[in-house]
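I have placed the structure first, in the form of structure tokens, so that the comments after it can refer back to it.
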Amino acid sequence: MSDQLVYFISTTHNYHVFDDIHKDINTNLTVLVDVLKNLTPGKSVLNFISSWFVYGDTELPATEESVCNPKGFYSITKRAAEELLVSYCQTFGVDYRILRLGNVYGRGDAGVSKQKNALQFLIDKLVKGEPVDLYHGGHFYRDYLHVEDVADAIDLVVAKGELNRIYNIGSGEKILFKDVIDLVRECTGSSSEVNVIEPPEFHRVVQVKDFYMNVDRLKALGFNQRITFAEGIKELCQ
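Take 90 as the starting number for the sequence shown in our numbering and just add one per residue.
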């Protein structure tokens with residue numbers, strides 16, 4: 090029986106470059122190398138939790154075979170980490186899987202901000218009746234999957250996924266962010282003022298405007314999404 094390691098260690102956004110320029114490199118690459126050298130060839134399986142950020146500007150919906158053009162220190166080091174682990178695993182005979190998560194949402198995320206879980210950050214402000222700033226007037230797409238469905242998907246890939254393959258973990262749906270805000274306002278009766286603004290320059294440098302992914306490979310394993318986006322948003326509004 091193989092030893093299945095699910096590897097979550099990672100930074101979570103591109104903004105560390107302003108306060109700790111080495112953080113993404115140390116966390117996403119150096120720590121990973123220290124873990125890799127302790128894996129057992131022929132026994133260990135590394136299930137690496139990656140991110141949709143590795144895709145950057147690419148043709149949509151992104152498939153596991155899409156060209157990656159990551160933008161920003163976090164995104165680039167996540168992609169570099171994928172390449173490092175593939176090279177190491179091929180060199181030393183260690184099996185792996187790469188799981189690229191889309192936008193994960195749901196209760197339990199601590200320390201939300203504009204940089205980390207912006208969806209929850211905006212929902213919290215709408216629930217409190219505070220004004221919110223909306224980039225592009227909300228006219229951009231994302232691929233959201235509830236954290237409970239993400240956990241189910243990870244379990245499924247670890248149990249049934251082919252070795253040495255990449256799996257997109259998402260809903261496969263492109264959701265317009267403006268529709269999200271409208272749904273939250275409807276659920277909460279929020280009277281928050283919504284200010285339409287252009288994103289700051291750094292945001293445009295490191296963040297793609299639209300993103301959603303193809304999840305046919307995940308569905309082929311038998312994955313079925315349990316929580317619809319509307320249900321998940323209503324849960325967060327309570």
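Where is the CB? At the ideal position from N, CA and C, for every residue including glycine.
#1: What is the rounded straight-line gap between the Cα of residue 138 and the Cα of residue 314?
#2: Return the CA-CA distance between residue 124 and residue 321, expressed in angstroms with no decimal places.
#3: For residue 264, tell me which candidate among 246, 224 and 234 has the shortest Cα-Cα distance.
#4: Please give the ranges of any beta strand (DSSP E) in the region 105-135, keeping only runs that are unbroken, at least 3 residues long and fully inside the region.
#5: Kindly give me the distance between the Cβ atoms of residue 253 and residue 302, rounded to whole angstroms, as I take these residues to be in contact under 8 Å.
#6: Residue 135 to residue 117, Cα distance in whole Å?
#7: Which parts of the region 249-316 are runs of the beta strand (DSSP E), unbroken and 3 residues or longer, counting only runs that do not cross its ends?
#8: Closest to residue 228 by CA distance: which of 105, 210 and 269 is it?
#9: Taking contact to mean at least 3 C-beta pairs separated by less than 8 Å, is the region 165-181 in contact with the region 238-247?
#10: Please state the DSSP three-state secondary structure of residue 146.
Let me lay it out:
#1: 19 Å
#2: 35 Å
#3: 234
#4: none
#5: About 20 Å separates the two Cβ atoms, so there is no contact after all.
#6: 15 Å
#7: 254-258 and 283-286
#8: 269
#9: no
#10: coil
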